[in-house]
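Engineer:
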Amino acid sequence: MKADIKSMLPEELELALKELGEPKYRAKQIFTWLSRGVSSFDEMSNLSKQLRSTLDERFFITVPQCIRKQVSQIDGTIKYLWQLADGNAIETVVMSYKHGNTVCISSQVGCRQGCAFCASTIGGLVRNLEPSEMLDEVLFSQIDSGKPISNIVLMGIGEPLDNFNNVMRFLELVNHPDGMNIGMRHISLSTCGLTEKIDELAERDLQLTLSISLHAPDDDTRSAIMPANRGRGVDLLIDSCKRYFERTGRRISFEYAMIDGVNDTPEHARGLAKLALSASAHVNLIPLNHVEERRFKPSSPENLKRFIRILDAEGVNSTLRRKLGSDVDASCGQLRRKAASSNDKSTAADNWRNE
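Here the sequence shown is numbered in our numbering, starting from -8 and rising by one per residue.
(1) So what's D(-5) in DSSP terms, helix, strand or just coil?
(2) Would K(-7) be called buried (16 or more neighbouring beta carbons within 10 Å of its own) or exposed?
(3) Look up V225 in the DSSP assignment and say whether it is helix, strand or coil.
(4) Go ahead and label G184 buried or exposed: buried means 16 or more other beta carbons lie within 10 angstroms of its beta carbon, across all protein chains shown.
(5) Just the Cα atoms here: how many angstroms apart are E163 and G12?
(6) On the DSSP letters alone, give me the boundaries of the beta strand (DSSP E) that I96 sits inside.
(7) Roughly how many angstroms separate the alpha carbons of R176 and A18, rounded to a whole number?
(8) Can you tell me whether DSSP reads Q133 as helix, strand or coil?
(9) How is S231 classed by DSSP in three states: helix, strand or coil?
(10) Hey, quick one: how far does the beta strand (DSSP E) through A80 stretch, first residue to last?
(11) By Cβ distance below 7 Å, which residues in the same chain neighbour S231 in space, the five residues on each side in sequence not counted?
(12) If we count the other Cβ atoms within 10 Å of its Cβ and call it buried at 16 or more, is N334 buried or exposed?
(13) What whole-angstrom Cβ distance do G28 and I134 have, given they're in contact under 8 Å?
(14) Please list, in chain order, all residues of the same chain as T415 whose beta carbon is under 6 Å from its beta carbon, the five residues on each side excluded.
(15) Does DSSP put G262 in a helix, a strand or coil?
(16) Assuming V165 and L126 are in contact, meaning their beta carbons sit under 8 Å apart, how far apart are those beta carbons, in whole angstroms?
(17) Considering only the beta carbon of each residue, do P218 and G115 sit closer than 7 Å?
(18) Using DSSP with H/G/I as helix, E/B as strand and the rest coil, what is M146?
(19) Bridge partners of A248, per DSSP?
(20) What are the residues that DSSP puts in a beta bridge with S309?
(21) Using a Cβ-Cβ cutoff of less than 6 Å, which residues in the same chain neighbour R223 once the five nearest sequence positions on both sides are dropped?
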């Protein structure tokens, strides 16, 4: 079977080319071509025709197909639905800010974590994404949108730390100076709180930003909406956050979706403040996106303002995330769910192929 060449690091390419009797510098040439988004070896014009033919016999190049592109008429946010080689679909979002363009990528097809307010986990986990497929999300979103990507957030479909090894390799690939060369300090990784993997990530000292999808400050509330909390608990999660900060020196962010009547009371605000201060964490409040299949509603403006006032009074540094892409199915997993609802996949692909 052919190997996935875009998931290979330059040093691995060097070894593969050595076996073919090719010089070491060819690896850098190939790696650079792959980072430009070529779809075939024939596009690698500085390689001999014989080498291109040999590479094609041994390797394949991943190229996703855009089956839907939605552009927000409000703020220009772009949401892509990409079809992978096996027919599965994932979502990617490009958002523009004053400091540059950010891409939000998926790390899995589906998700096994079961968060009660999320569309991504409906239907469970299908499979992990390969490093090349995550790289493609960044690369082809940049190519199609024409917007140079300067920041990456792993906050799309899936739990990044549940696909740990592939995500770590993706980070090496996208950070490599001969590739897209996106710095680790421009990358954020969001997790629902897999404490054992947070410790493993801390040991790598990658200098990325770690975001914890907290969404509740106590075990009763959090376990009710986030099954990943069961068997771990908030206390263990906060301990792992403290260790991460101590090991890396990188401040953690608490993501907190404001859900009406679930986690937005004054008691919840005071509990969140206590956790944030103990972990030296920044709090990022998120207006809940509506998901058709879920019963939850966003907090009222009054509750949101009250919540923020309590955090401020407790001395917690918090921000309210600007709601982008509200007219393009902003919540992760919604486009994929719509595509998957069709009984005929081939017909679905034809129907979704529009801008």
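Glycine included, each C-beta is placed from N, C-alpha and C at the ideal position.
Structural biologist: The short version:
(1) strand
(2) By the C-beta density criterion, K(-7) is exposed, having fewer than 16 other C-beta atoms within 10 angstroms.
(3) helix
(4) buried
(5) Each residue's Cα considered, the two are about 26 Å apart.
(6) Careful: I96 lies outside any beta strand (DSSP E) and carries neither H nor E.
(7) Approximately 27 Å, taken between the alpha carbons.
(8) helix
(9) helix
(10) Counting along the chain, A80 sits inside the beta strand (DSSP E) bounded by residues 80 to 88.
(11) T186, I189, D190
(12) For N334, the predicted structure reports a pLDDT of 38, less than 50, and the residue's modelled location is therefore unreliable. A value from the coordinates is still provided. Looking at its Cβ environment, which holds fewer than 16 other Cβ atoms inside 10 Å, N334 is exposed.
(13) Their Cβ separation, rounded to whole angstroms, is 5 Å, which keeps G28 and I134 in contact under 8 Å.
(14) Because the chain in this structure spans residues -8 to 346, residue 415 falls outside the shown range and cannot be described.
(15) helix
(16) 6 Å
(17) no
(18) coil
(19) I277
(20) V274
(21) T186
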